Amino acid sequence: MRGIICAIAAAVLASTLAMPAGYQPAFAQDTATADSEIPPEIPTSAFASQSALSGARLSPDGSRLAFVVRRDETTYISVYDANTRELVDGMNLGEEQDFNWFRWAGNNRLLFSMTASDVRDRYRYSRLYFMDFDRHALHPLIGPRMAYSGDDLVHIDPEGRYVLVSFAASVRETPTVWRFDLGGEEAPQPVSVETRQDGIGGWVADNAGVVRIAVGAGRFGRVRMRYRSDAQEEWQTVARTRLDDDDTLDLWDFMGLRAGSDLGYSIGVPEGGERRALMEFDFATAQPGRIVFSSPDEDVASVFFDDEGNPVSVGYSGDSFRREWLDPQIEGWRRQLGQALTGRWIDIIDIAPDRSRLLVLESGPADPGALYVFTPRRKAAGSVRRIPATGSCRAAGRAAADQV
Numbered sequence: 015m016r017g018i019i020c021a022i023a024a025a026v027l028a029s030t031l032a033m034p035a036g037y038q039p040a041f042a043q044d045t046a047t048a049d050s051e052i053p054p055e056i057p058t059s060a061f062a063s064q065s066a067l068s069g070a071r072l073s074p075d076g077s078r079l080a081f082v083v084r085r086d087e088t089t090y091i092s093v094y095d096a097n098t099r100e101l102v103d104g105m106n107l108g109e110e111q112d113f114n115w116f117r118w119a120g121n122n123r124l125l126f127s128m129t130a131s132d133v134r135d136r137y138r139y140s141r142l143y144f145m146d147f148d149r150h151a152l153h154p155l156i157g158p159r160m161a162y163s164g165d166d167l168v169h170i171d172p173e174g175r176y177v178l179v180s181f182a183a184s185v186r187e188t189p190t191v192w193r194f195d196l197g198g199e200e201a202p203q204p205v206s207v208e209t210r211q212d213g214i215g216g217w218v219a220d221n222a223g224v225v226r227i228a229v230g231a232g233r234f235g236r237v238r239m240r241y242r243s244d245a246q247e248e249w250q251t252v253a254r255t256r257l258d259d260d261d262t263l264d265l266w267d268f269m270g271l272r273a274g275s276d277l278g279y280s281i282g283v284p285e286g287g288e289r290r291a292l293m294e295f296d297f298a299t300a301q302p303g304r305i306v307f308s309s310p311d312e313d314v315a316s317v318f319f320d321d322e323g324n325p326v327s328v329g330y331s332g333d334s335f336r337r338e339w340l341d342p343q344i345e346g347w348r349r350q351l352g353q354a355l356t357g358r359w360i361d362i363i364d365i366a367p368d369r370s371r372l373l374v375l376e377s378g379p380a381d382p383g384a385l386y387v388f389t390p391r392r393k394a395a396g397s398v399r400r401i402p403a404t405g406s407c408r409a410a411g412r413a414a415a416d417q418v
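Structure below.
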């Protein structure tokens with residue numbers, strides 16, 4: 015079928031909103047010209063260097079796309095309309111080593127983590143900021159007193175109304191969970207939603223934003239897990255172990271906690287098994303349950319959930335990352351994309367919650383990669399302009415697959 019697989023147009027990276035003045039990307043070529051010419055030789059260093067375009071993510075409604083651009087030791091975030099491929103916003107985040115990560119907070123806000131140094135350049139500390147594109151406002155998410163770690167994100171409201179962040183007032187205290195409301199005119203102020211507990215260093219919320227798991231280490235290498243089924247219940251210690259008990263701590267790699275349920279998921283080696291698998295986990299008893307997915311040959315390293323908390327894919331780590339889709343609809347789209355695109359590896363790297371759009375990476379041993387937006391409901395694929403995943407690599411600039 016003929017397409018909408020809309021590649022994000024590289025030429026718009028030249029916009030002064032998101033790029034330094036005078037920057038003209040080497041890969042902004044006319045497609046018709048590039049089709050008839052042999053592209054220049056690509057240097058080996060282009061494939062060995064760090065990707066200049068990374069971290070691409072769709073907004074929750076799939077209407078926008080943001081990714082990180084690194085150029086001349088400076089980091090930018092560029093935001094595009096996923097349908098028209100036009101640049102709609104962006105920001106200069108300063109020196110490359112100061113940027114950590116970003117996330118969408120609703121459809122019109124970006125949350126990002128930065129690292130800075132104290133006035134004597136002796137200590138490094140992390141802080142969160144958010145950009146409100148509707149108001150054209152940039153605000154820090156800080157409290158009057160904060161220790162070094164200020165970017166421990168506990169929960170992002172899907173609508174972008176608020177975020178929950180865990181940070182301590184000093185290095186001598188354990189962290190409190192704070193709520194920042196993002197919709198006001200002024201910089202948001204933190205409101206405590208979960209008071210610090212002795213020995214508790216980590217907090218986990220369910221998909222509705224209720225903090226329900228607390229984990230911490232005490233003296234003599236002791237570790238404990240505390241849990242509650244909802245916000246009205248008292249905290250209960252449900253498990254204890256030691257820092258040197260790797261088998262138990264592996265099972266505490268939990269995730270996917272859903273509102274109204276004590277069941278979530280964990281990645282670990284099941285009893286009698288040899289490979290790490292995705293398992294159900296009962297947080298009320300701190301015990302693993304049935305095996306959801308396992309491989310006889312590889313260790314499960316990660317899992318991707320939908321907004322309802324259902325696992326839709328697992329990832330394997332090894333010489334290179336590989337993903338296996340558990341959802342048959344998404345796996346069907348992956349096969350269609352594999353027929354349409356010519357790269358050796360086709361990876362769906364992000365999906366809008368309503369599945370209206372997919373973000374796709376195509377790459378191969380001799381291909382630095384190309385980024386695409388796929389709209390399944392259109393069931394068609396037009397000419398595709400390829401975007402190099404490595405900024406130092408010159409693009410062939412040719413049109414790619416035109417059928418799915």
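Heads up, the numbering used here is the position in the sequence shown plus 14, with the first residue counted as 1.
Yeah, the Cβ is synthetic: ideal placement off N, Cα and C, and Gly gets one too.
Nothing here was measured: the structure is a model prediction, and the numbers come from that model.
Taking residue i and residue j to be in contact with their CB atoms under 8 Å, please state how far apart those CB atoms are, rounded to whole angstroms.
{"i": "R134", "j": "P154", "result": "Wrong, their Cβ atoms sit about 21 Å apart, outside the cutoff."}
{"i": "L178", "j": "G223", "result": "6 Å"}
{"i": "V185", "j": "R193", "result": "Actually they are not in contact, since the Cβ atoms of V185 and R193 sit about 23 Å apart, beyond 8 Å."}
{"i": "R290", "j": "D313", "result": "4 Å"}
Whose C-alpha, out of the options, is nearest the C-alpha of residue i?
{"i": "S68", "options": "G76, T89, S77", "result": "T89"}
{"i": "R78", "options": "N121, F113, R136", "result": "N121"}
{"i": "R71", "options": "D86, S131, E87, A96", "result": "A96"}
{"i": "N114", "options": "S127, R123, G104", "result": "S127"}
{"i": "D321", "options": "M105, D364, A300, G352", "result": "D364"}
{"i": "G278", "options": "G230, V168, D267", "result": "D267"}
{"i": "T389", "options": "S370, S377, E376, G378", "result": "S370"}
{"i": "G357", "options": "S377, Q343, V185", "result": "S377"}
{"i": "T262", "options": "Q301, G274, P202, Q353", "result": "Q301"}
{"i": "E109", "options": "T129, E87, E100", "result": "E87"}
{"i": "T129", "options": "V387, Q111, L355, Y386", "result": "Q111"}
{"i": "F147", "options": "L196, A183, R159", "result": "L196"}
{"i": "R336", "options": "R349, D276, I362, W217", "result": "I362"}
{"i": "G215", "options": "I360, R290, A183, R289", "result": "A183"}
{"i": "G323", "options": "L107, R290, R123, A219", "result": "A219"}
{"i": "A354", "options": "P325, Y386, E100, E208", "result": "Y386"}
Please tell me whether residue i and residue j are closer than 9 Å, where the distance is taken between their beta carbons.
{"i": "V93", "j": "V82", "result": "no"}
{"i": "Y137", "j": "Y162", "result": "yes"}
{"i": "M239", "j": "R254", "result": "yes"}
{"i": "P189", "j": "D165", "result": "no"}
{"i": "N221", "j": "R272", "result": "yes"}
{"i": "V374", "j": "L351", "result": "yes"}
{"i": "A9", "j": "S327", "result": "There is simply no residue 9 to check, as the chain begins at 15 and stops at 418 in what is shown."}
{"i": "R256", "j": "R236", "result": "yes"}
{"i": "A80", "j": "W118", "result": "yes"}
{"i": "F318", "j": "V252", "result": "no"}
{"i": "I156", "j": "F116", "result": "no"}
{"i": "G286", "j": "S308", "result": "no"}
{"i": "P367", "j": "P172", "result": "yes"}
{"i": "V283", "j": "D311", "result": "no"}
{"i": "R149", "j": "E187", "result": "no"}
{"i": "S280", "j": "M293", "result": "yes"}
Taking all protein chains shown into account, do 16 or more other C-beta atoms lie within 10 angstroms of the C-beta of residue i, making it buried, or fewer, making it exposed?
{"i": "P74", "result": "buried"}
{"i": "S334", "result": "exposed"}
{"i": "S180", "result": "buried"}
{"i": "V225", "result": "buried"}
{"i": "V191", "result": "buried"}
{"i": "A35", "result": "Any reading at A35 must be qualified, since the residue scores a pLDDT of 30, below 50, and its modelled position is unreliable; the value itself is stated next. Classification of A35: exposed, given that the 10 Å Cβ count is below 16."}
{"i": "D260", "result": "exposed"}
{"i": "H169", "result": "buried"}
{"i": "L125", "result": "buried"}
{"i": "Q43", "result": "Only weak support exists for where Q43 lies, its pLDDT of 29 falling under 50; the value from the coordinates is given anyway. So Q43 counts as buried."}
{"i": "S131", "result": "exposed"}
{"i": "R304", "result": "exposed"}
{"i": "E248", "result": "exposed"}
{"i": "N242", "result": "The displayed chain sequence assigns Arg, not Asn, to residue 242. R242 should be labelled buried."}
{"i": "F234", "result": "exposed"}
{"i": "I227", "result": "buried"}
{"i": "A391", "result": "Before going further, note that residue 391 is Arg rather than Ala in the sequence given. R391 comes out exposed."}
{"i": "R123", "result": "buried"}
{"i": "G232", "result": "exposed"}
Runs of beta strand (DSSP E) wholly within the stretch 102-157 (minimum 3 residues, chain order): Listed in chain order, the complete beta strand (DSSP E) runs (minimum 3 residues) inside the stretch 102-157 are 113-118, 123-131, 138-146, 151-155.
Entirely within the stretch 164-202 and at least 3 residues each: give me those beta strand (DSSP E) ranges in chain order. Qualifying beta strand (DSSP E) stretches, in chain order: 166-170, 176-181, 190-195.
Ignoring anything shorter than 3 residues, give me the beta strand (DSSP E) runs that lie fully in the stretch 196-239, in order along the chain. If only complete runs of 3 or more residues are kept, the stretch 196-239 shows the beta strand (DSSP E) at 205-208, 216-219, 225-231, in order along the chain.
My parser needs the alpha helix (DSSP H) runs of 4 or more residues fully inside the stretch 240-319; what are they? Within the stretch 240-319, the complete alpha helix (DSSP H) segments of 4 residues or longer fall at 260-265, listed in chain order.
Which runs of the beta strand (DSSP E), 3 residues or longer, sit entirely within the stretch 330-385? Listed in chain order, the beta strand (DSSP E) runs fully inside the stretch 330-385 are 336-339, 359-365, 372-378, counting runs of at least 3 residues.
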